[in-house]
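With numbering that gives the first Met the number 0 applied, the sequence shown corresponds to residues 0 to 469, in that order.
Cβ coordinates follow ideal geometry from the N, Cα and C atoms, glycine included.
Have a look at the structure below before the remarks.
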Amino acid sequence: MFIRVTVVLSLLLVLATSSFSFERYINSVASPSDNLVWFALKHNAPSAHQFVVERFPIESNAWFNSAKFVAISDADIANQLAQIYEQKGDYQNAVSYWQQSIMLGNDESVYELASFYYLQEKYDVAWQLLAKARLDNINENKQWLMARASLAVGSELSSIVSQNDRYLNKFSLFGYAPEAIVPAKVMNRCEHSITLVAGNYEDLRHWQHIKAAYDNSPLAEQVCVKAIQYIPLLDLVCEHDIEKAIQCSESFWKKWAHLITSKYIAVLRPKGGANVHFGILYLDRTDTAQVFQHEVAHLVGFADEYTLSATHNICNGGIDKIHINFSLLARKDINGNMVTLKNAQKVPWFKAMRNEGLAVRDSYPIGEALTEQGLGFFISETCSANKENIALKPLRERGFMRNYNLPVPDQYLTLLDQSEETSLMPPFTYNIALALYQEGKVEQAKEWLVTSATFFQSPDIQTKTLRGGF
Numbered sequence: 000m001f002i003r004v005t006v007v008l009s010l011l012l013v014l015a016t017s018s019f020s021f022e023r024y025i026n027s028v029a030s031p032s033d034n035l036v037w038f039a040l041k042h043n044a045p046s047a048h049q050f051v052v053e054r055f056p057i058e059s060n061a062w063f064n065s066a067k068f069v070a071i072s073d074a075d076i077a078n079q080l081a082q083i084y085e086q087k088g089d090y091q092n093a094v095s096y097w098q099q100s101i102m103l104g105n106d107e108s109v110y111e112l113a114s115f116y117y118l119q120e121k122y123d124v125a126w127q128l129l130a131k132a133r134l135d136n137i138n139e140n141k142q143w144l145m146a147r148a149s150l151a152v153g154s155e156l157s158s159i160v161s162q163n164d165r166y167l168n169k170f171s172l173f174g175y176a177p178e179a180i181v182p183a184k185v186m187n188r189c190e191h192s193i194t195l196v197a198g199n200y201e202d203l204r205h206w207q208h209i210k211a212a213y214d215n216s217p218l219a220e221q222v223c224v225k226a227i228q229y230i231p232l233l234d235l236v237c238e239h240d241i242e243k244a245i246q247c248s249e250s251f252w253k254k255w256a257h258l259i260t261s262k263y264i265a266v267l268r269p270k271g272g273a274n275v276h277f278g279i280l281y282l283d284r285t286d287t288a289q290v291f292q293h294e295v296a297h298l299v300g301f302a303d304e305y306t307l308s309a310t311h312n313i314c315n316g317g318i319d320k321i322h323i324n325f326s327l328l329a330r331k332d333i334n335g336n337m338v339t340l341k342n343a344q345k346v347p348w349f350k351a352m353r354n355e356g357l358a359v360r361d362s363y364p365i366g367e368a369l370t371e372q373g374l375g376f377f378i379s380e381t382c383s384a385n386k387e388n389i390a391l392k393p394l395r396e397r398g399f400m401r402n403y404n405l406p407v408p409d410q411y412l413t414l415l416d417q418s419e420e421t422s423l424m425p426p427f428t429y430n431i432a433l434a435l436y437q438e439g440k441v442e443q444a445k446e447w448l449v450t451s452a453t454f455f456q457s458p459d460i461q462t463k464t465l466r467g468g469f
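Structure below.
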């Protein structure tokens, strides 16, 4: 008894001095008694708390009490406590210990706390943390998180892009792992594909809503969305005036083409008029899935059926391209409201009408359904303002090319199935070639024309592409 009291009293005397190391002392004891450990803990000996953290079961009461003490100076333990509290749903304590860990220099806690704030949709707080993070030894998961948080607050990530842009491949579709972007059945069922591009979180989110609605469209069977892709710095290369069609400097896409494996791309901007320029579709933030569907239809060969200006190229024969639902006819060639056989044979849907059993004759009436499917030669509003020419369309009723809120006629889907490559817009790489040519970079332009030609099967269309004939 005298020996035990002496040891305890001696321990009590030296605990107040800096020369005693409880950890060293207790490690020298083969089997330290509980009384010895609890006595030292009662007097908050740092080495005693360290001993408990290292040797007691994690999350036991003793471990928790000592971990809180050790976390005052140990960044790793503070981070461990934060993770435990987060799992328990005690977010206030979790944040407090992450902040403590960050203050003590733990870089991992920066990303963990930022991820927590991101999931809480506190994007600005997450980005403030990440913007100050050290970029050395940053892995791809951290780059992905930085991209996501940056998108949420509209940052262009210029500093990160300059160091390493590989993370962009990890951010094809926000909130989802890359392999989950497009189900295989969607990838395999469509003949043509399009990538939806945006430069900030709000626009990526809008694309997601448009895609969800468009995927139920019958046109999605022919032109499917392959991915939603983040591309930075769009504000620097695109004009978006609400009174004008959206335009971008299209040589810009040369830098990002390696990320895009679809034939076409669609670019979302804050405002401006939706339009299609060769293989690039432009949309503004207020446009709906119906507007998107209408514009996609232009890519595969459908012409507008609402009134265009009298000087529009399509109404003056200035477009060397076949349209599925459009045929231009000189007003002087209409005799008695009839289309001659010679002119009828130039109409893109005439072959489909013949396949339905339409007989060959010298002329055909305008404005009458001539087949069981209702196909015929009907005057379209497209060129109604033009005094020299008129436009013909296949159906009497109005459809989605007249008003984007109207349905896609089944007959148009059939005509699309039967159409040839002559009705297609060239791929987005053709836009790059054209932009480079206009910048005087002829040799680079030729290289992109070669790339563009590979998207076609027809030798004639390949030749047309190589000579920049669209």
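Practice task
Assuming GLY198 contacts ILE227 (C-beta within less than 8 Å), just tell me the rounded distance between them.
Solution key: For the purposes of this step, residue 198 is identified with residue 199 of the sequence shown, where counting begins at 1. For the purposes of this step, residue 227 is identified with residue 228 of the sequence shown, where counting begins at 1. With a Cβ gap of about 12 Å, GLY198 and ILE227 do not count as contacting.
Problem - Beta-carbon separation (whole angstroms), PRO364 vs ASN402, contact threshold 8 Å - result: Taking the sequence shown and counting its residues from 1, the one referred to as residue 364 is at position 365. Taking the sequence shown and counting its residues from 1, the one referred to as residue 402 is at position 403. Between the beta-carbon of PRO364 and that of ASN402 there is about 26 Å, and that puts the pair past the 8 Å contact cut.
Problem - Cβ pair count under 8 Å reaching 3, the region 301-311 against the region 277-288 - result: no
Handout entry: ILE264 in three-state terms, based on DSSP
Key = For this step, residue 264 is matched to residue 265 along the sequence shown. Note: ILE264 maps to strand in three-state DSSP.
Problem - Among MET352, THR464, LEU112, VAL295, the one whose alpha carbon lies nearest that of GLU446 - result: What you label residue 446 is simply residue 447 of the sequence shown in a count that begins at 1. Residue THR464 is the option with its Cα nearest to GLU446.
Handout entry: Beta-ladder partner(s) of ALA226, from DSSP
Key = For the purposes of this step, residue 226 is identified with residue 227 of the sequence shown, where counting begins at 1. Paired residues: THR194.
Problem - Same chain only: Cβ atoms within 6 Å of ASN274, ignoring 5 sequence neighbours per side - result: The residue labelled residue 274 in the question sits at position 275 within the sequence shown. Excluding residues within five positions, the ones whose Cβ falls inside 6 Å are ALA244, TYR281.
Exercise for the section: Please name the residue, chosen from LEU340, SER383, GLY468, that lies closest to ALA306 on a Cα-to-Cα basis. Expected result: Here residue 306 refers to the residue found at position 307 of the sequence shown. Residue 306 is actually Thr in this sequence, not Ala. Nearest C-alpha to THR306: SER383.
Practice task
Tell whether a beta-carbon distance below 8 Å holds between GLY271 and ILE318.
Solution key: Translated into positions along the sequence shown, residue 271 becomes position 272. Translated into positions along the sequence shown, residue 318 becomes position 319. The answer is no: Cβ separation not under 8 Å.
Handout entry: Residues bridged to CYS237 (per DSSP)
Key = The residue you call residue 237 lines up with position 238 of the sequence shown. Looking at the DSSP assignment, CYS237 forms a beta bridge with CYS247.
Handout entry: Classification of GLN417 by the beta-carbon crowding that lies within 10 angstroms, buried from 16 upward
Key = Start at 1 with the first residue of the sequence shown, and residue 417 comes out as number 418. Burial call: exposed.
Exercise for the section: Would you give the residue range spanned by the beta strand (DSSP E) that PHE68 belongs to? Expected result: Here the question's residue 68 lines up with position 69 in the sequence shown. Unbroken run through PHE68 is the alpha helix (DSSP H), 60-69; no beta strand (DSSP E).
Practice task
Spell out a yes or no on whether the region 252-270 and the region 416-432 are touching, meaning 3 or more CB-CB pairs, one atom from each, closer than 8 Å.
Solution key: yes
Exercise for the section: Please work out which residues of its chain come closer than 6 Å, Cβ to Cβ, to PRO217, disregarding the five sequence neighbours upstream and downstream, and give them in chain order. Expected result: Reading the sequence shown from its first residue, position 218 is the one you call residue 217. Excluding sequence neighbours, PRO217 sits near VAL407, LEU412.
Handout entry: Boundaries (first-last residue) of the beta strand (DSSP E) holding ILE313
Key = Here residue 313 refers to the residue found at position 314 of the sequence shown. ILE313 -> no beta strand (DSSP E), and no H or E assigned at all.
Practice task
Excluding the 5 residues preceding and the 5 following ILE193 in the sequence, name in chain order all residues of the same chain whose CB lies nearer than 8 Å to its CB.
Solution key: As a position in the sequence shown, residue 193 is number 194, starting the count at 1. Here the set comprises VAL222, CYS223, VAL224, LYS225, SER261, LYS262, TYR263, ILE264, ALA265, LEU280, VAL295, LEU298.
Problem - Classification of LEU167 by the beta-carbon crowding that lies within 10 angstroms, buried from 16 upward - result: Sequence index remark: in the sequence shown, residue 167 carries index 168 (1-based). Here the model assigns LEU167 a pLDDT of 39, short of 50, so the residue's position is not dependable and the matter cannot be decided.
Problem - Residue from ARG466, ILE460, GLN456, THR462 whose Cα sits closest to the Cα of TYR436 - result: Counted from its first residue, the sequence shown places residue 436 at position 437. Taking only the C-alpha atoms, the option nearest TYR436 is ARG466.
Handout entry: Start and end residues, alpha helix (DSSP H) containing LEU415
Key = Walking along the sequence shown from the start, residue 415 turns up at place 416. Here the alpha helix (DSSP H) through LEU415 covers 409-417.
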